[in-house]
Amino acid sequence: MSFNVSLRYYSIRFVMIGAVRSLGAAFILRPVSAPALSVSLRGVSRSFAASERGVPARRVLSDVTLEISPGEIVALIGPSGCGKSTLLRQIIGLDAPSSGEVRIDGSALVGIDQRCAIAFQEPRLLPWRSIVRNVEIGLPRGTDRGIGHSRVAELLQLVQLEESSQLRPREVSGGMAQRAALARALARGPGVLVLDEPFGALDALTRLTMQDLLLDIHRAEPATIILVTHDVDEALYLSDRVVLLGRAPGTAEGSGSGIVRIVDVPGARPRDRADTQLARIRSELFEGLGVERHHQVTPQLSSAQTP
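Position one of the sequence shown corresponds to residue 276 (our numbering), numbered consecutively onward.
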């Protein structure tokens with residue numbers, strides 16, 4: 276006989292087998308898509324001490340406070356070196372803030388949170404493994420083989436790689452490799468998906484295709500997504516809100532980056548890239564980034580020398 280026990284992030288299936296053992300059951304871990312989770316940053320700051328190699332002490336992030344709702348897509352933009360990637364590491368638990376706290380679904384973050392997943396600018400696939408075997412790496416430890424195969428097949432279909440699943444990374448394009456990396460990140464069914472410039476290394480046309488694919492993925496598996504990008508148009512097309520990081524004018528040198536501006540992006544996804552409302556917001560964000568407009572340059576937001 277068998278029965279199912281539903282948990283919040285995984286379902287555990289107990290199967291009674293032949294001669295009942297002392298525990299009376301064996302269990303199989305089955306990955307399922309977790310509900311999208313809230314993310315709360317409360318006064319997050321990050322400083323680095325001076326290194327033995329002569330790098331001086333520096334403050335990278337200063338008092339970052341942000342509430343992200345379940346299922347929301349939030350884009351982080353800012354000058355190079357302002358601490359965007361550092362902030363992502365705080366959110367997923369790869370690094371700890373010097374002060375302040377990060378909460379996932381109301382719980383204080385301590386170490387790496389298994390409810391979160393990350394994908395980087397580089398696919399970081401293992402070259403000796405096929406695409407399907409690379410995606411399998413993302414499955415939770417202890418996943419039943421058959422159930423894991425079904426989950427991976429589902430994800431490969433979602434990212435349109437089912438016909439390329441047996442190829443090695445060197446045999447596929449950059450866009451295909453990045454799709455495999457996204458599938459690997461989704462394999463555990465994360466409630467929070469963190470993306471660090473995931474399309475930054477792709478050509479322009481492939482990048483547009485990948486943006487639409489990400490929206491398809493979000494509709495199918497609506498995790499909370501936090502995205503770092505240097506592309507303002509990408510941020511406006513994908514996100515519900517755009518958060519501009521940097522050192523605000525008038526603050527002391529070395530004080531670290533904070534939130535300079537938060538912009539709500541109007542309209543439902545998928546958006547019209549030529550929308551006039553987006554054009555106005557784009558101009559505001561370019562001003563905040565210090566990008567030249569009409570032969571004038573606005574003062575660029577300062578940044579710490581940290582990615």
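Glycine included, every Cβ here is placed at the ideal spot set by N, Cα and C.
Gly521 counts as buried, since no fewer than 16 other beta carbons sit within 10 angstroms of its beta carbon. Restricting attention to Gly413, Asp419, Leu431 and Val314, the CA atom closest to the CA of Leu401 is found in Gly413.
Per the coordinates, the alpha-carbon of Val434 lies some 7 Å from the alpha-carbon of Leu488.
Listed in chain order, the alpha helix (DSSP H) runs fully inside the segment 488-547 are 507-513, counting runs of at least 4 residues.
Distances from the alpha-carbon of Asn409 to those of Gln389, Ser373, Arg378 and Arg454 put Arg454 closest. Here the C-alpha atom of Asp380 lies approximately 13 Å from the C-alpha atom of Gln389.
Boundaries around Ser558 are those of the alpha helix (DSSP H), Thr551 to Leu564, since no beta strand (DSSP E) includes it.
Looking at the DSSP output, Ile393 bridges to Val469. In terms of CA proximity to Pro372, Leu336 leads the group Leu436, Leu336 and Glu347. Considered as a whole, the segment 336-404 harbours 348-352, 374-379 and 391-394 as its complete beta strand (DSSP E) runs of no fewer than 3 residues, in chain order. DSSP places Gly417 in the coil class of the three-state scheme, outside both helix and strand. Per DSSP, the continuous beta strand (DSSP E) segment holding Val319 begins and ends at Val314 to Phe323. Leu470 and Arg328 have their alpha carbons spaced roughly 30 Å apart. Separation of Phe323 and Arg420 (C-alpha to C-alpha, rounded to the nearest whole angstrom) is 43 Å. Shown here, Arg459 sits in a helix according to DSSP, grouped into three states. DSSP lists Phe323 as the bridge partner or partners of Arg333. Our two residues, Val517 and Leu363, have alpha carbons roughly 15 Å apart in a direct line. Looking at Phe395, Val319, Ala311 and Arg426, the one whose alpha-carbon comes closest to that of Ile348 is Ala311. 8 Å or more divides the Cβ of Arg416 from the Cβ of Glu376. With three or more CB-CB distances shorter than 8 Å, the segment 502-513 counts as touching the segment 471-487. Counting only residues of its own chain and dropping the five nearest sequence neighbours on each side, Arg443 has a CB closer than 7 Å to the CB of Pro402 and Ser405.
Residue burial annotation: Gly353 is buried, with at least 16 other C-beta atoms found within 10 angstroms of its C-beta. Here DSSP, grouped into helix, strand and coil, assigns Gln441 to coil.
If you draw a straight line from the Cα of Ala510 to the Cα of Leu351, it comes to about 8 Å.
Collapsing the DSSP output to three states places Ala476 in coil.
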